[in-house]
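**Q** This is the structure, below, for whatever I ask next.
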Amino acid sequence: SAVISQKPSRDICQRGTSLTIQCQVDSQVTMMFWYRQQPGQSLTLIATANQGSEATYESGFVIDKFPISRPNLTFSTLTVSNMSPEDSSIYLCSVVPQPNTEAFFGQGTRLTVV
Amino acid sequence: AQTVTQSQPEMSVQEAETVTLSCTYDTSESDYYLFWYKQPPSRQMILVIRQEAYKQQNATENRFSVNFQKAAKSFSLKISDSQLGDAAMYFCAYRSGQSNYQLIWGAGTKLIIKP
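First to last, the sequence lines map onto chains A and G.
Just so we're aligned: the first sequence equals residues 110 to 223 in my numbering.
Just so we're aligned: the second sequence equals residues 5 to 119 in my numbering.
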């Protein structure tokens, strides 16, 4: 299993600013995933973050807007840059510790951009 | 590409009754995993139950069980003796048995429990 601490749990930010979301895992994991979720909707994968390499971004998401840091096997950050109200959403980090295990999730960050 | 379909945006059930949430998926792979996750208003995504495709026996976890029909590519979730705490969004998810670990998500079903 894995326990993930995600911070902040919520924030209200001014447009044009940036917010960095942190995820700390209690065990070493190879792959970490960052999702965006509109309230009441499903999860959309932003990127996959491997330690020691560049993150792999899904279609519609770019590194300049969502830079990701993965300095070691237990920690990652996602930055939402130059925010606009359209970035208001829930952001979730997730890990899969072993090939035959389920995914574990952080508590989510509710971001509101005003 | 794999897809996951949840055709019920919302379901309601009387407390203590049984409800079934439907999920169908499309894949050409033979090795994969299927999951049901619960997301209450707290936003914390919680695993409800998992099924390995190679296992013929349907998974069961206390009041939660699945009806896994591999040929029909169907993976429904049955909740027995529904409780108020079961109220949440329920997501069906698929993961390939290959190494990319990515999940393919359904749109979700909002479950309402009537007291």
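Glycine is no exception: its CB is placed at the ideal position from the N, C-alpha and C atoms.
Predicted, not measured: the structure shown is a model, and the values here were computed from it.
I'd like to check one pair, F79 (chain G) with F68 (chain G): are the Cβ atoms closer than 8 Å?
**A** no
**Q** How should I83 (chain G) be labelled, buried or exposed, when 16 other C-beta atoms within 10 angstroms of its C-beta is the threshold for buried?
**A** buried
**Q** Residues of chain G with a CB under 9 Å from the CB of T157 (chain A): which are they?
**A** N104, Y105 and Q106
**Q** Which value, in whole angstroms, describes the spacing of the CA atoms of Q207 (chain A) and G101 (chain G)?
**A** 12 Å
**Q** Alpha carbon to alpha carbon, how far is S193 (chain A) from S114 (chain A)? Give it in angstroms, no decimals.
**A** 26 Å
**Q** Could you tell me whether the Cβ of Q55 (chain G) comes closer than 8 Å to any Cβ of chain A?
**A** No, no contact with chain A.
**Q** Classify P291 (chain A) as helix, strand or coil using the three-state DSSP reduction.
**A** With chain A covering only 110 through 223, there is no way to say anything about residue 291 (chain A).
**Q** Within 8 Å of any Cβ in chain G, is that where the Cβ of F214 (chain A) sits?
**A** With 8 Å as the cut-off, F214 (chain A) counts as an interface residue toward chain G.
**Q** Step through the CB atoms of chain A and report whether any lies within less than 8 Å of the CB of Q61 (chain G).
**A** The C-beta of Q61 (chain G) comes no closer than 8 Å to any C-beta of chain A.
**Q** Determine the DSSP secondary structure at D173 (chain A), reduced to helix, strand or coil.
**A** coil
**Q** Of all the CB atoms in chain A, is at least one closer than 8 Å to the CB of L4 (chain G)?
**A** Outside the shown range of chain G (5 to 119) lies residue 4 (chain G), about which nothing can therefore be said.
**Q** Quick one, which residues of the region 122-156 of chain A are near chain G if we go by CB-CB under 8 Å, in chain order?
**A** M140, F142, G149, Q150, S151, L152 and L154
**Q** Output yes if chain A places a C-beta closer than 8 Å to the C-beta of R67 (chain G); else output no.
**A** no
**Q** Starting from L201 (chain A), find everything on chain G with Cβ-Cβ shorter than 9 Å and list it in chain order.
**A** R47 and M49
**Q** Given a cut-off of 8 Å, decide if K118 (chain G) and S19 (chain G) are closer than it, judged by their beta-carbon atoms.
**A** It is worth fixing the name first, because residue 19 (chain G) is Glu in this sequence and not Ser. In this structure, K118 (chain G) lies closer than 8 Å to E19 (chain G) by Cβ.
**Q** Select from A:W143, A:S110 and A:T129 the residue whose C-alpha is nearest the C-alpha of Q107 (chain G).
**A** This sequence places Leu at residue 107 (chain G); Gln is not what is there. The residue with the shortest Cα to Cα distance from L107 (chain G) is A:W143.
**Q** 8 Å is my cut-off, CB to CB: does G217 (chain A) come that close to chain G?
**A** yes
**Q** For a contact defined as C-beta to C-beta under 9 Å, what are the partners of E195 (chain A) on chain G?
**A** For E195 (chain A), none of the residues of chain G pass the 9 Å Cβ criterion, the least Cβ distance being about 20 Å.
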